[in-house]
Each structure stands twice: as structure tokens, then as C-alpha cells.
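The block underneath contains the structure these notes are about, expressed in C-alpha cells.
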Amino acid sequence: MSRAGIAIDPDRLMARIRKLGEIGALPGGGVCRLALTEEDRAGRDLLVGWMRELGLEVRIDAIGNIFGLRRGREEGPPVMTGSHIDTVRTGGLYDGALGVLAGLEIVETLDRAGIGTRHPLVIAAFTNEEGARFPPDMMGSLVHVGALALEDALATRGIDGETVGACLERIGYAGDAPVGRPEARAFVELHIEQGPVLEREGVTIGAVEGVQGISWQALSLRGRSAHAGATPMAMRRDAGLVAAEIAVFARRLAREIGGDQVATVGSLRLSPDLVNVVPERAELTVDLRHTDDLRLREAERRLSAFAAEAAAREGVEIAFRQLARFAPVAFDPAMVARVEATARRLGRSVRRMPSGAGHDAQIMARVCPTAMIFVPSVGGISHNVEEYTAPEDLAAGAEVLLELLLDLLEGEGA
Ligand code: GLV
Ligand code: MN
Ligand code: MN
């Protein structure tokens, strides 16, 4: 129960999460709502419908970000909360959706209790947070804060060759509101942890101190296709072999650098991709992350050097393309402390922690005081159809969000 004597309705929150999860639902559970697909459009339509039912003023900007405004007693910059509703190809029900739908739940809770606030409240759903179809990730929030030019974002080509601009037009979400508005006075994002720490320690709330640095690269390898039976090993220029060596090296690199270093080859495509042909081409991605930017740069350097060397050994041409690069982010210490204090006030166990995943909050932190609230992920699993967070933990996170927003909306602090 919040200090205002109100509480969110966990069943209503769960009902919305399940309803949104029906859009793009996968046969074995989980969801596929890649950014700017028909499924994304349907998810957006559902969200905008809910926003309108709740009386929010809906604005859609030129990159497709959706903002629902609940007016305050005063005009001026709103407090913003939210996240994203796009998913990876094999996503769960909670990544992103929780942050947006908890925002709606808080609006409904305030409305039913007849509670007005001094500052306006905005619920945001940012376009293409995942970056799984169109790198970089956090695209909508990057454009919102002016860190990525709208034209460059619209011209971005996805893994299927389509552009962001064309897809936004097709799904009807190339909005007419200018990007960069509304300017938030503070931003808070509720999200599942997506890792194992909270569950392992039996803690309900994570007060997120920052987000680790992210480096995404695409590597293109070009060798020569040849007969798998008739071509002696010494005469091959095998792009697939070099890709495999890079993937193995990435794992070794992470182990050698140690600490928080992680390294992933998540996409690997061979061509012509046949049993009896030496691969001519390989396209692979490398995702490197570390909380320390110096170590991250070391990882990038070593990976590039290894890849160039392995390609040269095999007589394969190599080209590198940076898909995304984010330095580690530290959230405003006062906001982190407020999350911690709010959770304690509500009787919740809480710990400070970094985020392993990227979030729109790390981009919003460039323009306003920003905080993130984590809730536990069962088994630490996310970007997986089995992603799960217990309803009572979702509700606990939403209660902390409500309490913190109430403070911010009355203008205490930020
Ligand atoms: C995006 O959500 C990422 O962390 O990959
Ligand atoms: Mn997310
Ligand atoms: Mn995600």
C-alpha cells in the first residue's frame, strides 16, 4: 500500500500483460513481436487503445515512439515512465511490456482513486528497443534524446533488407509529432532483471546503478566456394571456418578478460549453406559487453585483431561494420537512492546492481534524472520463450514504481 493509501491491482496488470502477449504468441509459449512488423503494429494498436480508454492524450512521433499523457495540475515537463513493446524473435511476455503496462496500471490506479498530480505523467513505449531487426538497439529513445538523427534512423536497413522508414509507414506509425517531445523532468523504467542475481539472493527489488557498455559488430567474410570432396584442405578459402574460429575465440576472450566480460556470436549465416560446398560467405555478429569501458575496448581490439589474422590465414576477405556502441552508463545516484529507499519503505528487500541488458533508461539518463527498478527473472532466463517473473514480483515492482512516481509527480526532488 502506497503512502497515498492506494495500491495497484495485480490481476489487472497481469491481464494486460497476457493480452499483449497474445499478439505474436509463439506455439510453444513466448512471443515474437520484432520491431515494426505486423505483430508490432497490432501490439501498438492494443496499447494505444488502452491509453485512449484511460483518457490519455496519445502522441506518436516521427520515429514511432508512443507517448500517453495524463495531465497534471501544472503544465510543464512531465515525469515519464515506460519501456518498449517490441521483442526479439524468441522473446518472453515481460521484457519491455512490464514497464509500459505497469505505467498504464498506475494511471488506472490514480484515476480510480481520484488522485490528481502536480506534474503531468507520460507513459512511453519507445520504438525498436531490441535492435534485433534494425540495429542499433534503443533506436527510438536515441532519436528522442537527439543522439541519433531521425533521417539516419529512418534509413536504417534491417536484417531482411527493409528500412525503418518504409516499415513505419506501412504499419501506420510514422507519426506527425516532432521527435524530442515531451521533454521529461525525470524517467523511471520498471523491467525484469533478465539475469540470475535477484532470484539467487532471494531479493525482490533491484535498484539499478548503471548499465554495462555494449559493442555490436557485423563481420562479413568472403572466401571461395569449392567442392567439398575434390578440393584439398590446403587449397580452401573457407569463410565458414573463419567464422567458427571467431566464435570460439569470443568465448576464450571473455574467459581471459574475466570479470563482467561477456561475448556472444548470436547470428551466423553461411552461403551457399550446403552440405557439399565449402562456404564462400559468412555473415556473423559479435556482441561484447563490460561494465568497464577500458576492458570493453580491449575486448574489441583483441577480437578485431584475431578476426583479421584468422581471415588472412585462410585467404578470406573480411569487413567489419559497427552496429551499436554504448559506453557504460551510471544512473543519477540520488535516483538510485530513491529506488532503494522507496523499496525499503514498502517493506521490500532490495539491493543495488548493474544491468546486463541495454535499456531505454540508459539513453534517457543523458537528458534527465533516471532510475530503473528490477524484479527477479526465474532462472535468470530472458530473450527466451520461457522468460518468467512471478505475478507477486511484478506487482511488487509496480508498487515501488507507483510510490516513486507519486513522489516525483508532486515535485519532491527531481
Ligand atoms: C537489448 O535489450 C539488449 O540488451 O540486447
Ligand atoms: Mn527490454
Ligand atoms: Mn530485450
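Numbering (my numbering), first residue to last: 48 to 461.
By construction, the Cβ of each residue, glycine as well, lies at the ideal position given by its N, Cα and C atoms.
A direct Cα-to-Cα measurement between A357 and F296 gives close to 10 Å. Under the DSSP assignment, V154 falls in the alpha helix (DSSP H) whose first and last residues are 144-159. F234 has M127, T417 as its beta-bridge partners, per DSSP.
Between F173 and H238, the C-beta spacing is not below 7 Å.
Close CB contacts of E121 within its chain, under the 6 Å cut and outside five residues either way in sequence, are with R165 (chain order).
In this structure, ligand 1 has no non-hydrogen atom nearer than 6 Å to the beta-carbon of D379. Of the candidates R117, D92, T137, S396, T137 places its Cα closest to the Cα of C79.
Between the region 379-390 and the region 98-112, the count of C-beta pairs closer than 8 Å stays below three; the two stretches do not touch. The DSSP-derived three-state label of M411 is helix. Residue ranges of uninterrupted alpha helix (DSSP H) with 4 or more members, entirely inside the region 51-130 and ordered along the chain, are 57-68, 85-100. Distance from the C-beta of G405 to the nearest heavy atom of ligand 1 is below 6 Å.
For the pair L350 and V226, the Cα-to-Cα distance works out to about 37 Å. Comparing C-alpha distances from G276 to each of G222, D454, V324 shows the shortest one belongs to V324.
The DSSP assignment places 186-191 as complete runs of the alpha helix (DSSP H) inside the region 158-197, in order along the chain (cut-off: 4 residues).
The region 222-299 contains, as complete alpha helix (DSSP H) runs of 4+ residues, the segments 244-248 (chain order).
Beta-bridge pairing by DSSP links P401 to G257. Secondary structure note for L370: its beta strand (DSSP E) is the uninterrupted segment 364-373. DSSP, read as helix, strand or coil, puts G427 in helix. Per the C-alpha coordinates, the member of L335, G161, L317, L151 positioned closest to L268 is L317. Three or more Cβ pairs closer than 8 Å define a contact, and the region 282-297 falls short of that threshold against the region 368-383. Contact annotation: I55 and E152 have beta-carbon atoms nearer than 7 Å. Residue pairing by DSSP puts D334 in a beta bridge opposite W263, T311. Assignment of R395 by DSSP, reduced to helix, strand and coil, places it in the coil class. Here L441 really is in contact with L145; their C-beta atoms are around 6 Å apart, less than 8 Å. Residue burial annotation: L451 is buried, with at least 16 other C-beta atoms found within 10 angstroms of its C-beta. Ranked by Cα distance from V135, the first of L94, D108, A82 is A82. With a beta-carbon spacing of about 19 Å, R342 and I293 fall beyond the 8 Å limit used to define contacts.
In this structure, I53 lies near T156, with their beta-carbon atoms less than 7 Å apart. Look at G143: its beta carbon is less than 6 Å from one of the heavy atoms in ligand 2. In the DSSP annotation of this structure, the continuous segment of the alpha helix (DSSP H) that includes G212 starts and ends at 211-218. Here the alpha carbons of A194 and E345 stand approximately 25 Å from one another.
With a cut-off of 6 Å, the C-beta of E86 is classified as distant from ligand 3, since no heavy atom of the ligand falls inside that distance. If you draw a 10 Å sphere on the C-beta of A179, you find 16 or more other C-beta atoms in it, and that means buried. Under the three-state reduction of DSSP, R316 is assigned to strand. The alpha carbon of G90 has as its nearest neighbour, out of A72, E248, E104, the alpha carbon of A72. Per DSSP, the unbroken alpha helix (DSSP H) holding S351 starts and ends at 340-361.
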